[in-house]
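I have placed the structure first, in the form of structure tokens, so that the comments after it can refer back to it.
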Amino acid sequence: DAEITQSPRHKITETGRQVTLACHQTWNHNNMFWYRQDLGHGLRLIHYSYGVQDTNKGEVSDGYSVSRSNTEDLPLTLESAASSQTSVYFCASRRDFGTDTQYFGPGTRLTVL
Amino acid sequence: AQSVSQHNHHVILSEAASLELGCNYSYGGTVNLFWYVQYPGQHLQLLLKYFSGDPLVKGIKGFEAEFIKSKFSFNLRKPSVQWSDTAEYFCAVPKRGTYKYIFGTGTRLKVLA
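First to last, the sequence lines map onto chains S and L. Residue 1 is where the first sequence starts when you use the numbering used here, and the numbers rise one by one after that. Residue 1001 is where the second sequence starts when you use the numbering used here, and the numbers rise one by one after that.
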């Protein structure tokens, strides 16, 4: 079955370290998204990609970067982790406009000490 | 700008009580609407979606939602909740001309056994 996976599921790191969160989907979807989920804020879009070599900033992109070298993967990098980036991160993918559902990965809980 | 608002942030109900969670959107044109559910410790899953046709949409686990265009609303309902419905519920709408979704801030439902 097609799916979307994230790794690691839990990560503890220190302030200032570089951290990369992996996202892999097997639906062959062109559109992939990274969100962070925080109490009181719901889901906020960090970065997104509409295809290979395409990346775009979302509403809370500062301190994060993504790259898209193939259809299946969209890794999220925290260049220099900050305590404000402690959150739960969700990756999602979607095929096309309008009628298509966005599918979510299981999430990565990141703690920055 | 398009927006989605969920006015109930926390809801506590007893088992067998009826549920209605509010969702209002800002855009008045053709609109597609989604409800997602996130059970504790899990990722977001699609509960139901509306694209066209019958404004009363049936979803999984006995949930339904009614699209009322004149009120810009897409409220989620369930006649009799169960303890297992304890979760966070998100309303979402695709952002026009993009593959992105706009999510509401979520409603945390706690059902007391």
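The C-beta atom is built at its ideal place from N, Cα and C for all residues, glycine as well. Model, not experiment: these values are computed from the prediction.
Checklist entry - Below 8 angstroms between beta carbons: does that hold for Y48 (chain S) and K1100 (chain L)? => result Yes; because the gap between Cβ atoms is below 8 angstroms, this pair is in contact.
Next on the checklist: With distance defined between alpha-carbon atoms, name the residue in L:G1041, L:T1098, L:V1037, L:L1033 nearest to F1072 (chain L).
Outcome noted: Of the candidates L:G1041, L:T1098, L:V1037, L:L1033, the one whose C-alpha sits nearest the C-alpha of F1072 (chain L) is L:L1033.
Checklist entry - Should G1097 (chain L) be labelled buried (16 or more other beta-carbon atoms within 10 Å of its own) or exposed? => result Exposed.
Next on the checklist: Helix, strand or coil for W164 (chain S)? Go by DSSP, reduced to three states.
Outcome noted: For residue 164 (chain S) there is no data in the structure shown, the boundaries of chain S being 1 and 113.
Checklist entry - Quick one: is D54 (chain S) buried, meaning 16 or more other Cβ sit within 10 Å of its Cβ, or exposed? => result D54 (chain S) is exposed by the Cβ-count criterion.
Checklist entry - Of all the options S:C23, S:E14, S:D73, which has the alpha carbon lying nearest to the alpha carbon of S7 (chain S)? => result Across the set S:C23, S:E14, S:D73, the C-alpha of S:C23 shows the shortest separation from the C-alpha of S7 (chain S).
Next on the checklist: Measuring straight from C-alpha to C-alpha, what distance separates W1083 (chain L) and P1040 (chain L)?
Outcome noted: The straight-line gap separating the alpha-carbon atoms of W1083 (chain L) and P1040 (chain L) is approximately 12 angstroms.
Checklist entry - Can you tell me whether DSSP reads Q37 (chain S) as helix, strand or coil? => result DSSP places Q37 (chain S) in strand when its eight states are reduced to three.
Next on the checklist: Give me the chain L residues within the contact set of G107 (chain S), using Cβ-Cβ distance strictly less than 7 angstroms, ordered along the chain.
Outcome noted: Listed along the chain, the chain L residues whose CB falls inside 7 angstroms of the CB of G107 (chain S) are H1043.
Next on the checklist: Could you check whether L78 (chain S) and V19 (chain S) sit closer than 8 angstroms to each other, using their CB atoms as the reference points?
Outcome noted: For V19 (chain S) and L78 (chain S), yes; Cβs fall inside 8 angstroms.
Checklist entry - Taking Cβ-Cβ distances shorter than 9 angstroms, what residues in chain S pair up with G1022 (chain L)? => result Chain-ordered listing is empty here: chain S has no CB closer than 9 angstroms to the CB of G1022 (chain L), the nearest sitting near 15 angstroms.
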